[in-house]
Structures are given as C-alpha cells and as structure tokens.
Amino acid sequence: MKEIQINKELPVIKMNFEEVKGSLQETMKKFEGIIVTEESLKDCKATQKDLAGLRNKIDTYRKDVKREMLTPIDIFEYQCKELIYLIADVEKPIKEGIKVFDDKRREEKRQKALELIKESITKHNLSKEYASKLTVKNEYLNLSKSLKSVREDIESRALLLEREQEDEKQRKEMLRVSIENAISVANEGINTKLKFENFTKYIEFGWSLDRILKEINDKATMIKEAEKPKEQPKVEVKEPVQTPLDISKPLENVKKEVEEEIRQDKFFVDVYVEHNFEMIQALSKFLKDNGYNYEVHKKGKVK
Numbered sequence: 213m214k215e216i217q218i219n220k221e222l223p224v225i226k227m228n229f230e231e232v233k234g235s236l237q238e239t240m241k242k243f244e245g246i247i248v249t250e251e252s253l254k255d256c257k258a259t260q261k262d263l264a265g266l267r268n269k270i271d272t273y274r275k276d277v278k279r280e281m282l283t284p285i286d287i288f289e290y291q292c293k294e295l296i297y298l299i300a301d302v303e304k305p306i307k308e309g310i311k312v313f314d315d316k317r318r319e320e321k322r323q324k325a326l327e328l329i330k331e332s333i334t335k336h337n338l339s340k341e342y343a344s345k346l347t348v349k350n351e352y353l354n355l356s357k358s359l360k361s362v363r364e365d366i367e368s369r370a371l372l373l374e375r376e377q378e379d380e381k382q383r384k385e386m387l388r389v390s391i392e393n394a395i396s397v398a399n400e401g402i403n404t405k406l407k408f409e410n411f412t413k414y415i416e417f418g419w420s421l422d423r424i425l426k427e428i429n430d431k432a433t434m435i436k437e438a439e440k441p442k443e444q445p446k447v448e449v450k451e452p453v454q455t456p457l458d459i460s461k462p463l464e465n466v467k468k469e470v471e472e473e474i475r476q477d478k479f480f481v482d483v484y485v486e487h488n489f490e491m492i493q494a495l496s497k498f499l500k501d502n503g504y505n506y507e508v509h510k511k512g513k514v515k
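Just add 212 to the spot in the sequence shown (first one is 1) and you have the working numbering.
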C-alpha cells in the first residue's frame, strides 16, 4: 500500500478580539447597576432583549466560523473511513478463519484443565461439595497461558479447598461430641430416650451449637413433662354399713351373703386414643402404675 501523504495547514483565525472586547466592556458599563422597578420594567425588558440579541449574534458567528473551518477535517475523516472499510472487507474472512482454530485450541486447553482438576480432586480427596468449587477459570483458556501455570493454580486452589474441607470435618466432629454429651445428660431424667440421629439435620442446616443444645433441652423437658404421672382425683372412702346378723338364718346362708356383699363388680371400656408418641407412652405408664389391666389390639401412625 502506498503511504498516505497529507499536506496540512493548521487553521488560522484572526479577529480583532481586543478591540471588540474593549468596545463591548464600555457598552456594558451603561447597563451595570440597573435595578428593575415597576416604573422601569418596560425599559428593562427592552434592554434585556437587546443584550440577548447581541449575545446570540456572537454565538451564531462562532458556530458558522467553526463549521467552515471543520469542513476539511470532516472530508479527511470520511476518506480515512473509506480506506478502513476496504481493509475490513478483506480482513473479516481471515479473522473468522483464525477464530475457528483459536477456539479449537481453547477447547483443548479447557479439556486439559478439566483433566488436571479431576486429578487434583482425587489427589486431595475432595468431597462432591468442595470438588464443585474447583472450576475452569476463563484465564486458563488464554492462548498465551502456559500449561505449567494452569497446573500450579489448580493445585494451589485444590490445597486450599482440602484445608477448608478438613476444617469443616473437624467442626462437625466437635459438634457431634458436644451433642452426644448433651443427649446423654438429658436422657438421665427421661424414659423415652433422645437419639443423636434426631438432631443431625440441624448440623446440616448450619445451626450454632448453642441453638442445637437448646433444642435438645427443650425436647427433653417436653418428654419429662409428658412422662410425669397425672394426679388422680381423691375418692372418698365410705365406712361400710354394719348389717345386724340375722340369727334366724342358717350360718351358711349368712356367709354366702357376706361374700357377695364384699365382692366388687368390675367394668371395662373399649376406647380409641390419638396423640403424639410421648403422650401415648405416658398413658401406658399411667395405666400400669394404677393397676389397670389392658390389652393393645391395634396400634399405628395416624394418616
């Protein structure tokens, strides 16, 4: 391509600036200190109109001269853009072809990075949760990025994730020990024992130890209250009425009548009961403690 040659001359604008400025300053002195009053309002409006006209005249003159001086610059810009378009039309298919091969290389780098990530996950024994954090960075796909630097970065990130995973494991182990100790203490005062499995979900929820311990104590208190024997209403025991012995009756008949009088009738009731597990156990304990004979014909979970 032939080199562009430009014969340029910087625009030179000469005007009688100082002369116009001095004249304008003298003219403006006539209008300084004017105070608008009811009587002078009409004259002030006329004066303001004249000043605005003078200001607009100067600004219009400025724009016209600038437009005239910029005309050769506008022509130059148009010509340069036309030359650029000629190059772009030829460059475009070449650029697209290069992109195809570059994208192929980037995909190869992505697959290699995934292999390195897989190796690091196995090496550091990362769980699924922490392995998902070891992703392919966009910078790994840069064509100028070396494989060595990618491998080092992946290894560094995997090591940090392994430490985080170990810290989390230790935290959960400390929680487990504390929870099991709390459950052991809480179970001392209740018959229906609490189990560690009932509280593991709170660890996964991310609850603090204090909150979990409070939940354990609340459960134990609820069970203890349910297992507490209910006070029975006091039954007034009446003195048996002494019946005079009828000596006219045979002794065997009298003995038989006394036995029938002493014997008490028994009754039964067939009931269906619904409640939570703790209260059903409390009912069973109450029946046993108070000498009731009962049989469970059927039991299950209410649907």
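C-beta atoms are modelled at their ideal positions from N, C-alpha and C, and glycine is treated no differently.
Residue i versus residue j: straight-line alpha-carbon distance, rounded
i	j	result
Lys510	Tyr484	10 Å
Glu380	Leu371	14 Å
Lys324	Asn354	13 Å
Asp262	Tyr273	17 Å
Glu486	Gly512	10 Å
Lys241	Lys226	27 Å
Glu367	Leu387	30 Å
Val508	Ile424	36 Å
Gly309	Pro284	39 Å
Ser396	Tyr504	33 Å
Lys442	Ile492	13 Å
Glu230	Val248	31 Å
Gln217	Lys278	25 Å
Ile287	Glu244	46 Å
Ala494	Ala438	6 Å
Thr259	Leu266	11 Å
Leu457	Phe498	Here Leu457 scores only 48 on pLDDT, less than 50, and its place in the model is too uncertain to base an answer on.
Ile435	Leu421	21 Å
Lys269	Lys214	47 Å
Ile415	Lys384	7 Å
Gln377	Leu338	7 Å
Glu400	His336	43 Å
Glu374	Glu364	15 Å
Phe313	Ile296	25 Å
Tyr506	Gln382	51 Å
Asp276	Pro223	15 Å
Ala398	Glu319	59 Å
Asn410	Val481	36 Å
Lys405	Lys440	15 Å
Lys340	Lys321	23 Å
Helix, strand or coil at residue i [DSSP, three-state]
i	result
Lys405	coil
Pro223	coil
Pro441	coil
Leu295	helix
Asp482	coil
Met281	helix
Ile323	Here residue 323 turns out to be Gln, not Ile, going by the sequence shown. It is helical.
Ile435	helix
Met240	helix
Ile329	helix
Leu359	helix
Leu371	helix
Gln217	coil
Gly309	helix
Ile459	Its pLDDT being 48, under 50, Ile459 is placed unreliably by the model, and the measurement read from it follows with that caveat. Ile459 falls in the coil class under three-state DSSP.
Leu338	coil
Ser420	coil
Leu263	helix
Lys500	helix
Val232	helix
Asn505	coil
Thr249	coil
Lys513	coil
Val348	coil
Asn488	coil
Asn354	coil
CB contact check: residue i to chain B, cutoff 9 Å
i	result
Glu327	Note that chain B does not occur in the displayed structure, where there is just one protein chain.
Cβ pair count under 8 Å reaching 3, the region 428–444 against the region 391–408: The region 428–444 vs the region 391–408: in contact.
Counting Cβ pairs, one atom from each stretch, are 3 or more of them under 8 Å apart for the region 329–339 and the region 281–294? They do not touch, by the three-pair rule.
Touching or not, the region 346–362 and the region 310–325, by the rule of three or more beta carbon pairs under 8 Å? These segments touch.
Should the region 227–237 be regarded as contacting the region 296–315, the criterion being three or more beta carbon pairs within less than 8 Å? When Cβ pairs closer than 8 Å are counted between the two stretches, the region 227–237 is seen not to touch the region 296–315, the count staying below three.
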